[in-house]
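Q:
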Amino acid sequence: MRTVGFLVNPIAGMGGAVGLSGTDGGVEEAVRRGAVPHAAVRAARTLSLLRDEDIAWCTCASPMGEDVLTGAGIDSYTVLYRPTVPTGAADTTAACRVFLAAGVDLIVFCGGDGTARDVFDAVGGEVPILGIPAGVKMYSAVFAVNPAAAADLVRRAGDIPCRDSEVMDVDEEAYRSGRLTARLYGYACVPFVPERIQGGKQVFEQQDEERAKDDIAAFITEIMLPETLYIIGAGSTTARVMERLGLAPTLLGVDAVVNAEIVASNADERTLLALLDEHPRAKIVVSPIGAQGFVLGRGNQQISPAVLRKAGLSNLIVVATPAKLAGTPLLYVDSGDAALDREVGDSMLVVSGYRMAQRKRVVHSE
Amino acid sequence: MQTKILLDEGEMPKRWYNIQADLPTPMDPPLHPATGKPMVPDDLRHIFPMELIRQEMSTERHIDIPGEVRDILTLWRPSPLYRARRLEAALKTPAKIYYKWEGVSPPGSHKPNSAIPQAYYNREAGIERLATETGAGQWGSSLAFATGLFDMECTVYMVRSSYDQKPYRKSMMQVYGAECIPSPSNKTRSGQAVLARDPDTPGSLGIAISEAVEDAAAHDNTNYALGSVLNHVCLHQTIIGQEAREQLAMVETYPDVIIGCVGGGTNFAGLTFPFAGDKMTGKHPETEIVAVEPAACPTLTKGLYAYDFGDVAGLTPMMRMFTLGHDFVPPAIHAGGLRYHGMSPLVSRLARDGVVRPVAYRQNEVFEAAVLFARTEGIIVAPEAAHAVKAAIDEALRCRETGDAKTILFNNSGHGNFDFSSYEAYFGGRLVDYEYPVELIKESLARLPATG
Numbered sequence: 001m002r003t004v005g006f007l008v009n010p011i012a013g014m015g016g017a018v019g020l021s022g023t024d025g026g027v028e029e030a031v032r033r034g035a036v037p038h039a040a041v042r043a044a045r046t047l048s049l050l051r052d053e054d055i056a057w058c059t060c061a062s063p064m065g066e067d068v069l070t071g072a073g074i075d076s077y078t079v080l081y082r083p084t085v086p087t088g089a090a091d092t093t094a095a096c097r098v099f100l101a102a103g104v105d106l107i108v109f110c111g112g113d114g115t116a117r118d119v120f121d122a123v124g125g126e127v128p129i130l131g132i133p134a135g136v137k138m139y140s141a142v143f144a145v146n147p148a149a150a151a152d153l154v155r156r157a158g159d160i161p162c163r164d165s166e167v168m169d170v171d172e173e174a175y176r177s178g179r180l181t182a183r184l185y186g187y188a189c190v191p192f193v194p195e196r197i198q199g200g201k202q203v204f205e206q207q208d209e210e211r212a213k214d215d216i217a218a219f220i221t222e223i224m225l226p227e228t229l230y231i232i233g234a235g236s237t238t239a240r241v242m243e244r245l246g247l248a249p250t251l252l253g254v255d256a257v258v259n260a261e262i263v264a265s266n267a268d269e270r271t272l273l274a275l276l277d278e279h280p281r282a283k284i285v286v287s288p289i290g291a292q293g294f295v296l297g298r299g300n301q302q303i304s305p306a307v308l309r310k311a312g313l314s315n316l317i318v319v320a321t322p323a324k325l326a327g328t329p330l331l332y333v334d335s336g337d338a339a340l341d342r343e344v345g346d347s348m349l350v351v352s353g354y355r356m357a358q359r360k361r362v363v364h365s366e
Numbered sequence: 001m002q003t004k005i006l007l008d009e010g011e012m013p014k015r016w017y018n019i020q021a022d023l024p025t026p027m028d029p030p031l032h033p034a035t036g037k038p039m040v041p042d043d044l045r046h047i048f049p050m051e052l053i054r055q056e057m058s059t060e061r062h063i064d065i066p067g068e069v070r071d072i073l074t075l076w077r078p079s080p081l082y083r084a085r086r087l088e089a090a091l092k093t094p095a096k097i098y099y100k101w102e103g104v105s106p107p108g109s110h111k112p113n114s115a116i117p118q119a120y121y122n123r124e125a126g127i128e129r130l131a132t133e134t135g136a137g138q139w140g141s142s143l144a145f146a147t148g149l150f151d152m153e154c155t156v157y158m159v160r161s162s163y164d165q166k167p168y169r170k171s172m173m174q175v176y177g178a179e180c181i182p183s184p185s186n187k188t189r190s191g192q193a194v195l196a197r198d199p200d201t202p203g204s205l206g207i208a209i210s211e212a213v214e215d216a217a218a219h220d221n222t223n224y225a226l227g228s229v230l231n232h233v234c235l236h237q238t239i240i241g242q243e244a245r246e247q248l249a250m251v252e253t254y255p256d257v258i259i260g261c262v263g264g265g266t267n268f269a270g271l272t273f274p275f276a277g278d279k280m281t282g283k284h285p286e287t288e289i290v291a292v293e294p295a296a297c298p299t300l301t302k303g304l305y306a307y308d309f310g311d312v313a314g315l316t317p318m319m320r321m322f323t324l325g326h327d328f329v330p331p332a333i334h335a336g337g338l339r340y341h342g343m344s345p346l347v348s349r350l351a352r353d354g355v356v357r358p359v360a361y362r363q364n365e366v367f368e369a370a371v372l373f374a375r376t377e378g379i380i381v382a383p384e385a386a387h388a389v390k391a392a393i394d395e396a397l398r399c400r401e402t403g404d405a406k407t408i409l410f411n412n413s414g415h416g417n418f419d420f421s422s423y424e425a426y427f428g429g430r431l432v433d434y435e436y437p438v439e440l441i442k443e444s445l446a447r448l449p450a451t452g
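Protein chains in written order, with full-length UniProt numbering: chain G, 1 to 366; chain U, 1 to 452.
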């Protein structure tokens, strides 16, 4: 029998229905505008599909889980945490710590980007996590596509692999005033169903993430030129390129490399522009970030329009594993400079293996 | 209004056409993998019969097809030539589209055109068993069919992933009486070595070739057979183009554009070489000959013309050909028959000399073309043949723009009745548009694939 920790952020998604862009710090305003909790409804749809599964449920007292479990017809569970009402981020992290102490195999939460960030704060990569989507924004890649898909993943967790999935930190104040600043916050471990890419003639398991990252890194390091500045963007795929060079990557930031040596770690925009003055030959290596697959404009803000223009768009190398690309049918660019975004064109080549790439359609966030 | 143009059995060609006779200069010789010196016939005697080695190196223009081979070929040959009127109407093109339909052979593709003579010459040389590899199963089932007719045994090393996923190709080989073994196997040292390293490996064509060659070399009564790439395989396939030329002559036409898909290159060679000979000898100098390859494995459009090995392990002779490097592993596109790092040296030579023009397409556009073809002409083509369909459609659409009433001929090399999982993936939106990142690779010229 598997042990699963379950919690709901009862206020998640309340902002969306009433025109707020998130509920963080705005729950009173949301309630004043007439918002009703709907995370519980979403979570109940997942749980009702898991009623007959052999799962030992650990949860929080109402309104953070127990009510949803009983509502879904699950009456055997253990309440491990009692939140203060109204609930807050501290309750999410505290509950997760209690789940970890109880030795759960998986933590399932229902919420949005803010909830994902709080769960990740407590859990890190210690056990797999999975989000039932209910938030206003879901830029993090830790959510199932819908409640039914979440149930399927919970049912199969343990038998299916996990992959590194981005947790994004979205500044809600800025978001509500019309600016999206999404920063890569970390990588959680999330179960996923590998889609067998079945060839009519040859069938390969192409979704071995670690092997794919190695293949990509082997190719990129093979084509690296001397006396050339390499700006290596955030993410676990680009990090593998650094590791292959024997260098320590900044997982959540941007590094700069010349002749296989680090010239700047966790570089900001100004540092990158200064380096580009010194090194007229430059390449930028980035990976799509987040659930939507943003190539530019999310998680790599240091690689600004000014940096991109100075290096030249033709020197942008995009890399991603086949599994990541399978989950993001379209790629997005939103550099903040619409003219630059247009220059990217309608499709781009994404390196997805050793000497191999995929042609992907690009959407401009105008 | 005639749809099918048919030849009588008596009108089937009696000779194969050897394009080596019409090349302006001789082919560069294959090189011995160990010494780097040009191969001599004796180097190949332990795996091929002398007659096939002679054909491989021959520069005679025509080579007689043995009577016994012709008798068997009449089981499905001459194959029909179709006028694709419904496709033309759908495209609103003034072009005339003809296609040679090779899916009428019992195993369903052009492959038995060479499997039959290869089995024949081996039996004549006293060989009792043939060993071969198959990736997709087209060649394996064709050789199984051929050896059965000559009372020979046949051992097919089938890439394990295909063996597991395409059970009906395996069943077909069993029906024809061949032994089909998933590769890597415990039967050979090379297979054992791979399994010791990686028991769960899906296998590869490179490994399967090593197993079949080792099997043939280790047994006196056993030879090896290859279904593509080599000159003698191209030779055997020229029966396709010779028939097509006759059939078009019956309706008093000669093609302006001739199209075939290329993996190892032999179905393409089969249709186009007789016309390429006409082109090189000045009879029809304006004919356009188009080789269609996948963007994921763009050997002719993006590869280097150089000496390289034919297999991953570097056991075969080095041949001068277009290559992406023998260590290049093409991604798992659905046209498995086109997943080959190299190319027939003869087809390569014609491409280098400008006699043949290569083009490359991505998977989704190729399947889109195949679906249009199925919905107009009825035939559900193999993913490989779909590449030729796509190029023919594009040419016909260009004719619509220019108003040019060109005659287009393409080789429809096989049916897709074992490929429905590929069509399913296409309709499910799960086909990946792989593309060889040539610009990135060329950036570091010093590290281009080592090609001997």
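Ideal Cβ placement from N, Cα and C applies to all residues, glycine included.
Between which two residues does the alpha helix (DSSP H) containing residue 424(U) stretch?
A: The sequence position of residue 424(U) within the second sequence is 424, counting from 1. Note, residue 424(U): alpha helix (DSSP H), 420-427.
Q: Taking 7 angstroms as the threshold (beta carbon to beta carbon), is residue 40(U) in contact with chain G?
A: For the purposes of this step, residue 40(U) is taken as residue 40 along the second sequence, with counting starting at 1. It does not: the Cβ of residue 40(U) has no partner Cβ on chain G nearer than 7 angstroms.
Q: Pull up the distance between the alpha-carbon of residue 210(U) and that of residue 69(U), whole angstroms please.
A: In the second sequence, residue 210(U) corresponds to position 210, counting from 1. In the second sequence, residue 69(U) corresponds to position 69, counting from 1. For residue 210(U) and residue 69(U), the distance between alpha carbons rounds to 29 angstroms.
Q: Within a Cβ cutoff of 8 angstroms, which residues of the same chain sit near residue 326(U), ignoring the five residues on either side of it in sequence?
A: For the purposes of this step, residue 326(U) is taken as residue 326 along the second sequence, with counting starting at 1. Contacts found: 308, 309, 310, 311, 312, 314, 341, 342, 449, 451.
Q: Look up residue 38(G) in the DSSP assignment and say whether it is helix, strand or coil.
A: Taking the first residue of the first sequence as 1, we reach residue 38(G) at position 38. Reduced to three states, the DSSP call for residue 38(G) is coil.
Q: What are the residues of the stretch 331-358 of chain G that lie near chain U, defined by any Cβ-Cβ distance shorter than 7 angstroms?
A: The stretch 331-358 of chain G vs chain U, Cβ under 7 angstroms: 349, 351, 353, 355, 356, 357, 358.
Q: Would you kindly report the start and end of the unbroken beta strand (DSSP E) that includes residue 374(G)?
A: In the structure as shown, chain G starts at 1 and stops at 366, and residue 374(G) therefore has no counterpart that could be examined.
Q: Is the CB of residue 232(G) under 7 angstroms away from at least one CB in chain U?
A: Here residue 232(G) corresponds to residue number 232 of the first sequence, with the count starting at 1. Not one chain U Cβ lies under 7 angstroms of residue 232(G).
Q: Do you know offhand how far residue 62(G)'s Cα is from residue 115(G)'s?
A: Taking the first sequence and counting its residues from 1, the one referred to as residue 62(G) is at position 62. Taking the first sequence and counting its residues from 1, the one referred to as residue 115(G) is at position 115. Near 17 angstroms, if we compare the C-alpha coordinates of residue 115(G) and residue 62(G).
Q: Assign residue 420(U) to buried or exposed, taking buried as 16 or more other Cβ atoms, counted over all protein chains shown, within 10 Å of its Cβ.
A: Within the second sequence, residue 420(U) is the residue found at index 420, counting from 1. Under this definition residue 420(U) is an exposed residue.
Q: Determine the direct distance from the alpha carbon of residue 355(U) to that of residue 21(U), and round the result to whole angstroms.
A: One-based indexing of the second sequence puts residue 21(U) at position 21. One-based indexing of the second sequence puts residue 355(U) at position 355. Those two C-alpha atoms are separated by around 15 angstroms.
Q: For residue 5(G), I'd like the list of residues in its chain whose CB is within less than 6 angstroms of its CB, leaving aside the five on either flank, ordered along the chain.
A: Mapped onto the first sequence, residue 5(G) falls at position 5. Closer than 6 angstroms at Cβ, skipping near neighbours: 58, 99, 104, 107.
Q: Does the beta carbon of residue 215(U) come closer than 7 angstroms to any beta carbon on chain G?
A: Reading the second sequence from its first residue, position 215 is the one you call residue 215(U). Answer no: the Cβ-Cβ gap between residue 215(U) and chain G never drops below 7 angstroms.
Q: Between which two residues does the beta strand (DSSP E) carrying residue 358(G) extend?
A: Sequence index remark: in the first sequence, residue 358(G) carries index 358 (1-based). First-last of the beta strand (DSSP E) with residue 358(G): 356-364.
Q: Enumerate, from N- to C-terminal direction, the unbroken alpha helix (DSSP H) stretches of 4 or more residues contained entirely within the stretch 234-267 of chain G.
A: Here the runs fully enclosed are 236-244.
Q: According to DSSP, is residue 74(U) part of a helix, a strand, or is it coil?
A: Counted from its first residue, the second sequence places residue 74(U) at position 74. The answer is coil: DSSP assigns residue 74(U) none of H, G, I, E or B.
Q: Just the chain G side, please: which residues come within less than 8 angstroms of residue 88(U) by C-beta, in chain order?
A: In the second sequence, residue 88(U) corresponds to position 88, counting from 1. Within chain G, no residue comes near residue 88(U); the closest Cβ sits about 28 angstroms away, beyond 8 angstroms.
Q: What is the residue span of the beta strand (DSSP E) that residue 165(G) lies within?
A: The residue given as residue 165(G) occupies position 165 in the first sequence. 162-170 is the span of the beta strand (DSSP E), which, as asked, contains residue 165(G).
Q: Can you tell me whether residue 46(U) is buried or exposed, with buried defined as 16 or more other CB within 10 angstroms of its CB?
A: As a position in the second sequence, residue 46(U) is number 46, starting the count at 1. The residue is exposed, with fewer than 16 neighbouring Cβ atoms inside 10 Å.
Q: Whose Cβ in chain U lies nearer than 8 angstroms to the Cβ of residue 317(G)?
A: By 1-based counting over the first sequence, the position of residue 317(G) is 317. Residues of chain U passing the Cβ test: 440.
Q: How big is the Cα-Cα spacing for residue 89(G) and residue 118(G)?
A: Along the first sequence, one-based indexing puts residue 89(G) at 89. Along the first sequence, one-based indexing puts residue 118(G) at 118. Their backbone Cα atoms lie some 6 angstroms apart in a straight line.
Q: Can you list the residues of chain G that residue 435(U) reaches, using a CB-CB cut of under 7 angstroms?
A: In the second sequence, the residue the question calls residue 435(U) occupies position 435. Ordered by position in chain G, the residues that pass the 7 angstroms Cβ test against residue 435(U) are 349, 357, 358, 359.
Q: Measuring CA to CA, which of 41(G), 296(G), 3(G), 49(G) is closest to residue 335(G)?
A: On the first sequence, residue 335(G) is found 335 positions in, with the first residue counted as 1. Here the closest residue by C-alpha is 296(G).
Q: If you follow the beta strand (DSSP E) that residue 55(G) is part of, which residue opens it and which one closes it?
A: Stepping through the first sequence from its first residue, residue 55(G) is reached at position 55. Counting along the chain, the beta strand (DSSP E) containing residue 55(G) begins and ends at 55-60.
Q: Taking only three categories from DSSP, how would you classify residue 309(U)?
A: The sequence position of residue 309(U) within the second sequence is 309, counting from 1. If DSSP states are grouped into helix, strand and coil, residue 309(U) belongs with the strands.
Q: Is there a Cβ from chain G that is less than 7 angstroms from the Cβ of residue 331(U)?
A: Locating residue 331(U) in the second sequence gives position 331, where the first residue counts as 1. Yes, because at least one Cβ of chain G sits closer than 7 angstroms to the Cβ of residue 331(U).
Q: Going by beta carbon distance, what residues of the same chain come within less than 6 angstroms of residue 1(G), once the five residues before and after it are set aside?
A: In the first sequence, counting from the first residue as 1, residue 1(G) sits at position 1. Closer than 6 angstroms at Cβ, skipping near neighbours: 54, 56.
Q: What in chain G is Cβ-close to residue 366(U), meaning under 7 angstroms?
A: Counting from 1 along the second sequence, the entry for residue 366(U) is found at position 366. Per Cβ cutoff of 7 angstroms: no residues; residue 366(U) is ~12 angstroms from chain G at best.
Q: Just the Cα atoms here: how many angstroms apart are residue 151(G) and residue 60(G)?
A: The sequence position of residue 151(G) within the first sequence is 151, counting from 1. The sequence position of residue 60(G) within the first sequence is 60, counting from 1. The straight-line gap from Cα to Cα measures roughly 19 angstroms.
Q: Which first and last residues belong to the beta strand (DSSP E) in which residue 100(U) is found?
A: Position 100 of the second sequence, counting from 1, holds the residue named residue 100(U). Note, residue 100(U): beta strand (DSSP E), 96-101.
Q: Just reading off the alpha helix (DSSP H) that residue 430(U) is part of, what are its end residues?
A: Position 430 of the second sequence, counted from the start, is the residue given in the question as residue 430(U). Note, residue 430(U): premise wrong, no alpha helix (DSSP H); not H, not E.
Q: How about residue 284(G) and residue 299(G): are their beta carbons less than 7 angstroms apart?
A: If you number the first sequence from 1, residue 284(G) lands on position 284. If you number the first sequence from 1, residue 299(G) lands on position 299. Going by C-beta atoms, residue 284(G) is not nearer than 7 angstroms to residue 299(G).
Q: Mind checking which residues open and close the alpha helix (DSSP H) that includes residue 304(G)?
A: Here residue 304(G) refers to the residue found at position 304 of the first sequence. Per DSSP, residue 304(G) belongs to no alpha helix (DSSP H) and is neither H nor E.
Q: Would you mind giving the Cβ-Cβ distance between residue 11(U) and residue 246(U), rounded to the nearest angstrom? I have them listed as a contact below 8 angstroms.
A: Numbered from 1 along the second sequence, position 11 holds the residue referred to as residue 11(U). Numbered from 1 along the second sequence, position 246 holds the residue referred to as residue 246(U). Residue 11(U) to residue 246(U), Cβ: 7 angstroms. Contact.
Q: Is there a C-beta anywhere in chain U that falls below 7 angstroms from the one on residue 202(G)?
A: Start at 1 with the first residue of the first sequence, and residue 202(G) comes out as number 202. At residue 202(G) the pLDDT is 34, less than 50, meaning the model places this residue with poor confidence; the figure from the coordinates comes in the next sentence. Taking Cβ atoms only, chain U reaches closer than 7 angstroms to residue 202(G), which makes this a yes.
Q: Quick one: what's residue 46(U) bridged to in DSSP?
A: Along the second sequence, read from residue 1 onward, the residue named residue 46(U) stands at position 46. Residue 46(U) is not bridged to any residue.
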